[in-house]
Amino acid sequence: MENAGTDAAIVVEKLERTYPGGLKAVDGVDLIVASGEIYGFLGPNRAGKSTTVRILTTLLRPTGGHATVAGYDVVSEASQVRRSIGVALQEAALDPLMTGRELLQLQGALHGLRRPESKTRASELLERVDLVAASDRLLNTYSGGMRRRLDLAMALVHRPSVLFLDEPTTGLDPVSRASLWLELESLNDEGTTIFLTTQYLEEAEQLADRVGIIDHGRIVAEGTPQELGRLVGEPGLYVKLIDETQSDRAREALAEHGAVSDREAGGLTIRTALGARAIAPIVRSLDEAQIEVDAVEVEEPTLDDVFLAVTGHRAEDDAGDEG
Amino acid sequence: MTELALERDVSTQGRVVVALAERALRVQLRRAQFLLPSFLLPLLLLAVIASGTSAAQQLPGFPSTGSYVGFVVSGTIMQGTLLAGLMAGIAIAGDIEGGFFDRLLSAPIHRVSIVLGRVLGTALIGVAQAILFLFVAWLIGADYTGGVGGILLTIMLAALSASAAAGLGATIALRTGSLSLMQNLFPFVFVLLFTAPAFFPRALLNPVLETVSVVNPLSYVVEGMRAALFDLPGLGSVGWGFVAGIGSVVLTCSLAVWAMRSRLRS
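Residue numbers (the working numbering), protein chains in the order written: chain D, 748 to 1070; chain S, 71 to 336.
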C-alpha cells in the first residue's frame, strides 16, 4: 500500500493554512515522521495541531507548502492517501443510533471490503478492543472510553500503514487512558506509524518516540522527549528532609553539588548535570552534616517545562477551540 | 483507468452507496423524531382531511375518484416524501456538526457516493411510506381503479419524489452545515405541498396558487400518481409525472454534488 523507496511515512514541507478572513492556523510547518515511529504533536488549543492533521488526512487543503503521507501527495493523490491512513479525529464522531458492530461493518464497506470480509474484520476488531459484549448495543449506551476504543477500531478496519489520532484520550479517565495507551503501543509494535496530537504532556512522554511542539502555527521545538528535556537545562534532584528546621544547614551542605533552591518547608531542589549520579554524594554530604533525609528523587524535566522554556507560557494557558 | 479497473471501481462505489443507504434507512427508522413527521403526521392529516373535508368532493369540477381519501392519498404520499427529504437534510447536517461527515470524507470513496447513499436510503423510505399510506387509505375507503400496475407506478413516483426531496435537503445541509437551520425549514415543506394540487385538483385552487402550481414540479408528480391510481381522464399524466420526478432528482442531486464540492473547496 505504501510507496516503496522511502523510510518516511510523513513528510511536511513549509505547510501553511490560512482561513478565509486571514487567520493563519498553520504557518510554515516542516516535519518528517519515519515509518514505524510514534510522533507526538503537542500544543495547546488553537496552536494549529488539528488543522495540520486535517490537512494530512486530506480533509482540508493547504494554502501553501507540500505534504506527503505514505509516499502520496495529500492534494494530488488524496485518494491514495485515504487508502493508506486510519483516522480517529477529536471527540470520537460516532453515530449514536448505530451499534458498534454496524459502525465497523460500515467502515469496512467504505474501505472497499465485501460484506463477509467486513463482518469478519468487525468481529476481529471488537475482540481486539474488548467490545464484544457491547457490540450489538447502540452507541448512545457506550461510555467515553468505549467510544474511543471503537473509534480506534474503526480507524484500523483496512489495516492502515499510518494512523492519525487527534487527541485520542481527551476526556478519558486514567484507567481508560492507560488502556488506550497499551493498545497504541501494541499497534506500533506491529509496525503502524502513529501521528498523535495531544494536549497531555504525560501522554507524549509515555508514547512518543519523537515530539514536535507547535505554537501559533509553527513548530517551536522537536526531538525525543529526552532531547527536549535537555532544552530546559540540568536535571534536578529533590531532597526531602525529616526536620524542616535543618533547611538552612542543608542548603550550605549541598551548595558544592549545584544550584540549590527551596521547594517547600523541608524540601530542596539541587540542579546538577550529574543527575541521578549525584544522589550518593548528596546523601553523603547530608550525613556528614548530620542532617536526616526522608527522600531523594531525580526530577527529569517534563515536556511541560520544555513547553514553558520554548514558548514562554504553559500548555494549559490557552483555552478554547482548536484552530 | 483500464476497463477492468473502472468496473471494479463502479462495483466498489455501488457497495458503498448501498452501505450508506442501509445506514440512512436504519438510523432514520430508529429516530423517533423522524418517524413522527414522516409516517404519523401524514397519516393524521390524511385522516383529518378524509373525515372533515370529504364534502369537497361534491364541488363542481372535482374528479370522481370514488372517495375523497382516494383523491388525497397521493398528496399524503407527497407530504411524507417531502418530510423524509427534509429529515435526510437534517441527518446530513447532524453528521456535519457531529463530525461523522469527516469520517466519510476521510474514506477512499467518491463524494458523489455520499450523496447517492443518502438519496437511495430516502427513496426506500419513500417506497415504505407509499405502501403504508396506500394501504391505510384503502382500508378507509379508497378504491384504486388503476389496479396493481397503477399502484406500482405510484410507488415508483413516490421513490422519485423522496429522492428529489433528499437531494434538495442534502443541498441545503451541505451549503449551510447547520442543523438548527434545517430544523427550521419544516414550514417550507407545507409551502411546497400547498402550491401543488396535493389535496385539491388544480382547477379548484385559487388563481395565484394555480399559477404557481404550473411551475412546481411536484404538481406533475402528484397528478401522475393520481392518474396511475385511478383510471380516469383529466387527473394528470403518468408520463409527465415521471419526467418531472426524474428531472427533479437529476436537478437536486446535481445541486447537492455541487454543494459538496463547494464545501470541500472551502
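Cβ coordinates follow ideal geometry from the N, Cα and C atoms, glycine included.
Rounded to the nearest whole angstrom, the C-alpha separation of Y766 of chain D and E760 of chain D is 19 Å. For G317 of chain S, no beta strand (DSSP E) segment is defined; the enclosing uninterrupted segment is the alpha helix (DSSP H) at 308-335. At a C-beta separation below 8 Å, S1032 of chain D has no neighbours in chain S, since its nearest C-beta there lies roughly 58 Å away. Within its own chain, the residues whose Cβ lies closer than 8 Å to the Cβ of L927 of chain D, once the five positions on either side in sequence are excluded, are G892, R895, R896, L899, P915, T916, L919, listed in chain order. The beta carbons of M295 of chain S and G309 of chain S sit no closer together than 8 Å.
For T805 of chain D, there is no enclosing alpha helix (DSSP H), as DSSP marks it with neither H nor E. In the DSSP annotation of this structure, the continuous segment of the alpha helix (DSSP H) that includes I166 of chain S starts and ends at 138-168. Only those residues of the segment 917-936 of chain D whose C-beta falls short of 8 Å from the nearest C-beta of chain S would be listed, and there are none. Residue pairing by DSSP places L943 of chain D opposite D:G787, D:L912 in a beta bridge. Counting the other Cβ atoms within 10 Å of the Cβ of Q973 of chain D gives fewer than 16, which makes it exposed. DSSP places I242 of chain S within a helical segment (H, G or I) once states are collapsed to three.
The beta carbons of A207 of chain S and L116 of chain S sit about 7 Å from each other, so the pair counts as a contact at 8 Å. For the pair F300 of chain S and G216 of chain S, the CB atoms are nearer than the 8 Å cut-off.
In chain order, A89, R93 make up the part of chain S whose C-beta sits under 7 Å from the C-beta of L853 of chain D.
In this structure, the beta-carbon distance from L95 of chain S to I195 of chain S falls below 8 Å.
The alpha helix (DSSP H) runs lying completely inside the segment 852-918 of chain D and spanning 4 residues or more are 862-875, 891-902, given in chain order. Looking at S:I119, S:R93, S:L152, S:Y138, the one whose alpha-carbon comes closest to that of P257 of chain S is S:L152.
For A968 of chain D, the CB contacts under 7 Å within the same chain, skipping 5 residues up- and downstream, are I960, L975, L978, V1053, V1057 in chain order. In summary, no residue of the segment 283-294 of chain S has a CB separated from any CB of chain D by less than 9 Å. One alpha carbon belongs to A1006 of chain D, the other to I1017 of chain D, and they sit about 5 Å apart. Pairwise C-beta distances place the segment 225-238 of chain S in contact with the segment 144-164 of chain S, as three or more of them are shorter than 8 Å. Taking a Cβ-Cβ threshold of 7 Å, the residues of chain S close to V834 of chain D are S176, in chain order.
The beta carbon of M893 of chain D sits no closer than 8 Å to any beta carbon of chain S. Rounded to whole angstroms, the gap between the alpha carbons of T846 of chain D and A955 of chain D is 32 Å. Residue environment: F205 of chain S is assigned as exposed (fewer than 16 neighbouring CB atoms within 10 Å of its CB, all protein chains considered).
The Cβ atoms of E874 of chain D and G811 of chain D do not sit closer than 8 Å to each other. Using beta-carbon distances, I166 of chain S does not count as an interface residue toward chain D, since no partner is under 8 Å. Under the three-state reduction of DSSP output, A955 of chain D falls in the coil class, being neither helix nor strand. Chain-ordered, the chain D residues with CB closer than 8 Å to the CB of F170 of chain S read A840, L841, D842.
The Cβ atoms of I1038 of chain D and A1000 of chain D lie closer than 8 Å to each other. Every beta strand (DSSP E) stretch that sits fully inside the segment 946-1027 of chain D and reaches 3 residues is listed by chain position as 957-962, 965-970, 983-988, 1006-1011, 1014-1018. A contact between stretches requires three or more CB pairs, one per stretch, nearer than 8 Å, and the segment 857-871 of chain D meets this requirement with the segment 174-190 of chain S.
In the three-state reduction of the DSSP assignment, Y214 of chain S falls in the coil class. Selection D:S831, D:R830, D:D820, D:L836 evaluated against R801 of chain D yields D:L836 as nearest (Cα-Cα).
One finds L175, S176 in chain S with Cβ atoms closer than 9 Å to the Cβ of T805 of chain D, taken in chain order.
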